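Let me begin by presenting the structure, written as structure tokens, before commenting on it.
Chains as they are written, first to last, in our numbering: chain A, 1493 to 1755; chain B, 34 to 260.
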């Protein structure tokens, strides 16, 4: 049971989708992929089939985008549409079929990242929003939020500054550091606005990955139906997974609290 | 981002539209020859020709990977690349730009494939409004006869075979292009297209076109002359 943001695609029924669509949003280097990996493992252990996916991985366009970016030759309108094509391809061939089959779909970014990126580059917000109106509304959107000052050391001491993540395609007169700071600041501001408009579940991304993971688990628990052998997982101690057990208990407690609230 | 109708540029943009077999490409070629001979700085831009996106589109078509949504979006991407890198800079520089097919082709095709018409129009809102949009109107039977005389059979997407309207390419072409003709008819008043009767002799159509184009060129003050 899903609906889009207002535009229906021919041949793509959304009302018979039984799976859950869970989105992780956040800027570059905020730790999304670590969380996706942890969540996938956790969900599978609980008996949920999981599809994890991300941007620019489609069979149709993925390669083309990669190649085009290597040449740095794409205009901003073109790039926005190229990404939208890729997204549509992934939606039709990966995400929707998985949701139809009852999978939990974990996606590393969704249309919101694409919107933010386009708007930072000065494109008309109404035009940008319209492009993605065919996207199904997710069951939950978790936004891993971080400030630029916390983000910079992560970039410096892990991967270095990336050309695109620094917005060098349009702040070309700046050096990478200044450009990165400017670009990510603008991006975060866009995200904050989108968070309100699209009802993101905002999570502080500064703490340790494990602590963030616990919050995400609690949030996801709220939207999932009781999984297979739920109680057994929570009470049977298994060696070597100390932290995640603690997390299970937190999750269970929150669930109970939810029920109390509803009652 | 400038929207349709907002661009103020010294160049002139002439586009031709119509179904396959309407003769629009022939007419545009003749117009091109004439403008060159008259000494105008004229550049020709084809639908679906951006080097960057072409490969993806080609692969998608060849392997029949495209759905109505990705068909629509990949063509919009291609058109955006041509607009940003080619059409807008040329018009700013004062060139006469000729396009064989324009956004109206996308509107007609995509709506015929079931895409939301409002959504497509907004998708292409970045396009420059043409100085004149010529629409070559031709009955379906005439167009089909011309295509059959010229080459063997219809192409997969051109005949709308992806829609499963009919297993017979001829019949599918007829049904699909019929829908497209209806869409074009709707767009004539919506976008103020200039209709040319494409059943008239080639010379007569060309004469009409040249008169109209000439009127728009004499008004223009900053046109570039060919080197």
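Note that the Cβ used here is the ideal one computed from N, Cα and C, for glycine as well. Model, not experiment: these values are computed from the prediction.
For residue i, count neighbouring C-beta atoms within 10 Å of its own C-beta (all shown protein chains included) and say buried if the count is 16 or more, exposed if not.
i                      : result
residue 1501 (chain A) : buried
residue 1659 (chain A) : buried
residue 1696 (chain A) : exposed
residue 1510 (chain A) : exposed
residue 95 (chain B)   : exposed
residue 230 (chain B)  : exposed
residue 1570 (chain A) : buried
residue 57 (chain B)   : buried
residue 122 (chain B)  : exposed
residue 1645 (chain A) : exposed
residue 41 (chain B)   : exposed
residue 1606 (chain A) : buried
residue 107 (chain B)  : buried
residue 180 (chain B)  : buried
residue 232 (chain B)  : exposed
residue 244 (chain B)  : exposed
residue 1715 (chain A) : exposed
DSSP state of residue i, grouped into three classes?
i                      : result
residue 1512 (chain A) : strand
residue 1567 (chain A) : coil
residue 1497 (chain A) : coil
residue 1657 (chain A) : coil
residue 135 (chain B)  : coil
residue 1575 (chain A) : helix
residue 1518 (chain A) : strand
residue 1628 (chain A) : strand
residue 198 (chain B)  : coil
residue 1599 (chain A) : strand
residue 1543 (chain A) : strand
residue 45 (chain B)   : strand
residue 1667 (chain A) : coil
residue 7 (chain B)    : A query on residue 7 (chain B) cannot be resolved here, the shown segment of chain B reaching from 34 to 260 and no further.
residue 1699 (chain A) : coil
residue 1525 (chain A) : helix
How many Å lie between residue i and residue j at the Cα?
i                      : j                      : result
residue 118 (chain B)  : residue 214 (chain B)  : 31 angstroms
residue 131 (chain B)  : residue 187 (chain B)  : 26 angstroms
residue 150 (chain B)  : residue 1611 (chain A) : 24 angstroms
residue 1619 (chain A) : residue 1642 (chain A) : 32 angstroms
residue 1616 (chain A) : residue 155 (chain B)  : 11 angstroms
residue 1600 (chain A) : residue 1640 (chain A) : 20 angstroms
residue 1652 (chain A) : residue 1519 (chain A) : 15 angstroms
residue 1495 (chain A) : residue 100 (chain B)  : 19 angstroms
residue 261 (chain B)  : residue 53 (chain B)   : With chain B running from 34 to 260 in the structure shown, residue 261 (chain B) is simply not present.
residue 139 (chain B)  : residue 1649 (chain A) : 47 angstroms
residue 1707 (chain A) : residue 1546 (chain A) : 21 angstroms
residue 258 (chain B)  : residue 246 (chain B)  : 16 angstroms
residue 228 (chain B)  : residue 173 (chain B)  : 16 angstroms
residue 189 (chain B)  : residue 1711 (chain A) : 47 angstroms
residue 197 (chain B)  : residue 1589 (chain A) : 21 angstroms
residue 34 (chain B)   : residue 1568 (chain A) : 10 angstroms
residue 1722 (chain A) : residue 1682 (chain A) : Low confidence applies to residue 1722 (chain A): its pLDDT is 49, below 50, so where it sits in the model is not reliable enough to give any reading.
residue 1514 (chain A) : residue 1690 (chain A) : 14 angstroms
residue 89 (chain B)   : residue 1703 (chain A) : 42 angstroms
residue 234 (chain B)  : residue 60 (chain B)   : 11 angstroms
residue 72 (chain B)   : residue 134 (chain B)  : 24 angstroms
residue 1729 (chain A) : residue 1534 (chain A) : Note that residue 1729 (chain A) scores a pLDDT of 48, beneath 50, so its modelled location is shaky; the value from the coordinates is reported in the next line. Whole-angstrom Cα-Cα distance: 15 angstroms.
residue 219 (chain B)  : residue 1685 (chain A) : 38 angstroms
residue 249 (chain B)  : residue 217 (chain B)  : 24 angstroms
residue 114 (chain B)  : residue 70 (chain B)   : 29 angstroms
residue 165 (chain B)  : residue 37 (chain B)   : 14 angstroms
residue 182 (chain B)  : residue 236 (chain B)  : 20 angstroms
residue 153 (chain B)  : residue 1625 (chain A) : 11 angstroms
residue 1578 (chain A) : residue 252 (chain B)  : 43 angstroms
According to DSSP, which residues form a beta bridge with residue i?
i                      : result
residue 1693 (chain A) : A:1634
residue 78 (chain B)   : B:132
residue 296 (chain B)  : Only positions 34 to 260 of chain B appear in the structure, and residue 296 (chain B) is not among them; the question remains open.
residue 1594 (chain A) : Looking at the DSSP assignment, residue 1594 (chain A) forms no beta bridge with any residue, so it has no partner.
residue 38 (chain B)   : Residue 38 (chain B) is not bridged to any residue.
residue 73 (chain B)   : B:258
Does the beta-carbon of residue i, which I'm using as the reference point, lie nearer than 6 angstroms to any heavy atom of the ligand FMN?
i                    : result
residue 66 (chain B) : Because no ligand of any kind appears in the structure shown, any question about the ligand FMN cannot be addressed here.
So residue i contacts chain D; which residues on that side make the cut at Cβ distance below 8 angstroms?
i                      : result
residue 1685 (chain A) : Note that chain D does not occur in the displayed structure, where the protein chains are A and B.
Quiz item: Between the segment 105–123 of chain B and chain A, which residues of the former have a C-beta closer than 8 angstroms to a C-beta of the latter?
Solution: Listed in chain order, the positions of the segment 105–123 of chain B with a beta carbon within less than 8 angstroms of a beta carbon of chain A are 106, 107, 109, 110, 113, 114, 116, 117, 118.
Quiz prompt | Members of the segment 142–157 of chain B that neighbour chain A once the beta carbon cut-off is set at 8 angstroms | solution = Shown in chain order are the members of the segment 142–157 of chain B whose Cβ falls below 8 angstroms from a Cβ of chain A: 146, 147, 148, 149, 152, 155, 156.
Quiz prompt | Residues of the segment 201–219 of chain B with Cβ closer than 7 angstroms to any Cβ of chain A, in chain order | solution = Cβ contacts with chain A come from no residue of the segment 201–219 of chain B.
Quiz item: Mind listing which residues of the segment 35–66 of chain B have their C-beta closer than 8 angstroms to chain A's C-betas, in chain order?
Solution: Cβ contacts with chain A: 36.
Quiz item: Relative to chain B, which residues along the segment 1591–1613 of chain A have a C-beta separation below 7 angstroms, given in chain order?
Solution: Going along the segment 1591–1613 of chain A in chain order, one finds no residue with a Cβ nearer than 7 angstroms to chain B.
Practice problem: For the segment 1497–1515 of chain A, enumerate the residues whose C-beta is nearer than 9 angstroms to any C-beta of chain B, in chain order. | Solution: Considering only beta carbons, the part of the segment 1497–1515 of chain A lying closer than 9 angstroms to chain B consists of 1498, 1499, 1500, 1501, 1502, 1503, 1504, in chain order.
Quiz item: Closer than 8 angstroms, Cβ to any Cβ of chain B: which residues of the segment 1631–1663 of chain A, in chain order?
Solution: Those would be none; no residue qualifies.
Practice problem: Please list the residues of the segment 90–105 of chain B that have a C-beta atom closer than 7 angstroms to any C-beta atom in chain A, keeping them in chain order. | Solution: Correct list: 93, 98, 100, 101, 102, 103.
Exercise. Please name the residues in the segment 1569–1593 of chain A whose beta-carbon is closer than 7 angstroms to at least one beta-carbon of chain B, in chain order.
Key: Against chain B - using a Cβ distance shorter than 7 angstroms - the residues of the segment 1569–1593 of chain A are 1569, 1570, 1573, 1574, 1576, 1577, 1580, 1581, 1584.
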